[in-house]
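According to my numbering, the sequence shown holds residues 5 to 259 in order.
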Amino acid sequence: MRRLLIAGNWKMNCGPYDAAELLEGLKAKKSEVNENVDVLVCPPFVSIGMAVKYLYDTDIQVGAQNLHFEENGAFTGEISGSMLTESGCNYVIIGHSERRQYFGETDETVNQRTKKALEHKLAPIICVGESLSQRKADEHYDLVKDQITNALNGVSAEEVLDIVIAYEPIWAIGTGETASPEQAQEMHEHIRNVVANLYSQDAADSINILYGGSMKPANAQELLSQADVDGGLIGGASLDADSFSEIITIAEELA
Ligand code: 13P
C-alpha cells in the first residue's frame, strides 16, 4: 500500500526570515499529519536549518532542491549529500525542469546526483516531464521513458524502492494550467510500467509517483484520487500556509 506524499518545492523563495513566518503558519495548521500521508517542505539551502529547527516536533519532513554528485572539494557554490543529511534533510529534488532548462542539468547529471543521494540515504525525487511542443509532437511518452531509464542507470533493485518520481509537465508549471486528471493518470501509469519493465512489478507497485504543475486546493482532490497519482510536488501553493495545509487535508481524506 503506497502512502501519499505531499511535497512543497519552495524554489528560490523564502530566506530564513520569510521561511520562519511560513513555517510558523504551517505548524499552527498541520503539525500532526495522518499516518498514511507524508509531508515534506524543500526550502532553499539557506533556509533548511530554519525549517529543521521549526519542524523538529512535527510530522513534517525537510528536503533540499538539489545536491552535487561529488563528495566534497573544489566545487564553488555547490552542496553535497553529506551536508544535506547533516543538516537534517531526508529527501532531495533532482533534475527539476528549471534546472534542466536554466542550469544545464542533463539526464547524465541527474543519474549521477541520484546515485549520490542514494549513497547518503537521501530519497531522490526525480523530476521528469515534457514541454508543450513535445506533447504536441506526441513524443511525451518516449521522452519520459528515456528520462527515467537514464536517471535510474546503475540503480539497484533494492535502491529503486527509495526513489520517488515526480511527473511535472513543463507546460503546467507555474502557468495555472494543470494536466487533466486523465492526462496525469495516463502518464503515471506509463511511468509505473517503465519501472516494472526496468525492475519488477513489485518495485513499480511500491514506488511513489507524484504529480507537479499548478496543483492547488481547487484541483488537488481530483488529481490525488487517480489510481497512480501518489502525491504532489507543489510550487506556488506551497508558499501559502493555508493552501498547502488544505492540500494536506485533502490527501489525509483520501488516504
Ligand atoms: P507550481 O505548483 O508553481 O506550478 O510548480 C510546480 C513545480 O515545479 C514543483 O516542483
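Beta carbons are placed, not taken as given, at the ideal position from N, Cα and C, and that holds for glycine.
Kindly indicate which residue of the options has the alpha-carbon position closest to the one of residue i.
i    : options                : result
S91  : G240, M54, H72         : M54
L147 : D111, T118, N13, E75   : D111
D3   : A68, K34, A78          : Any answer about residue 3 is impossible in this case: the structure gives the chain only from 5 up to 259.
S184 : T118, V233, R6, S101   : V233
G19  : V66, F49, Y203, E102   : F49
G12  : G29, V45, V41, E25     : V45
G239 : E39, S101, Q105        : S101
E75  : D63, Q65, I64, T89     : T89
Q105 : C93, F79, Y95, S135    : S135
C93  : G108, V56, K119        : V56
K149 : N197, E25, K140, A222  : N197
E186 : M5, E39, N223, G180    : N223
V66  : E39, C131, V96         : V96
T182 : K220, Q151, T153, S204 : K220
M16  : I64, R103, G29, M87    : R103
K119 : L27, G29, N157         : N157
Check whether the Cβ atoms of residue i and residue j sit closer than 7 angstroms, and answer yes or no.
i    : j    : result
V159 : I129 : no
G216 : E172 : yes
V43  : I251 : no
E163 : L122 : yes
L258 : L228 : yes
S218 : A176 : yes
L71  : I83  : yes
I4   : G133 : The question about residue 4 has no answer, for the chain in this structure spans 5 to 259.
L59  : N212 : no
S249 : A241 : no
N115 : A155 : yes
A208 : V199 : yes
Y145 : H194 : yes
R117 : F79  : no
L202 : A170 : no
S210 : L165 : yes
I254 : Q230 : no
A32  : P47  : no
H124 : G85  : yes
N38  : R7   : no
D63  : E25  : no
Does the ligand 13P have a heavy atom nearer than 6 angstroms to the CB of residue i?
i    : result
S135 : no
L237 : yes
I177 : yes
S249 : no
G158 : no
G99  : no
S91  : no
N212 : no
S184 : no
N13  : yes
S229 : no
S218 : yes
G1   : Because the chain in this structure spans residues 5 to 259, residue 1 falls outside the shown range and cannot be described.
What would DSSP say about residue i, mapped onto helix, strand or coil?
i    : result
I177 : coil
D234 : coil
L214 : strand
N223 : helix
L165 : helix
N38  : coil
A208 : helix
V159 : coil
A32  : helix
N201 : helix
Y60  : coil
N17  : coil
A245 : helix
Worksheet entry | Segments of 3+ residues assigned as beta strand (DSSP E) that fall wholly inside the segment 64-145 | Listed in chain order, they are 64-68, 95-98, 127-132.
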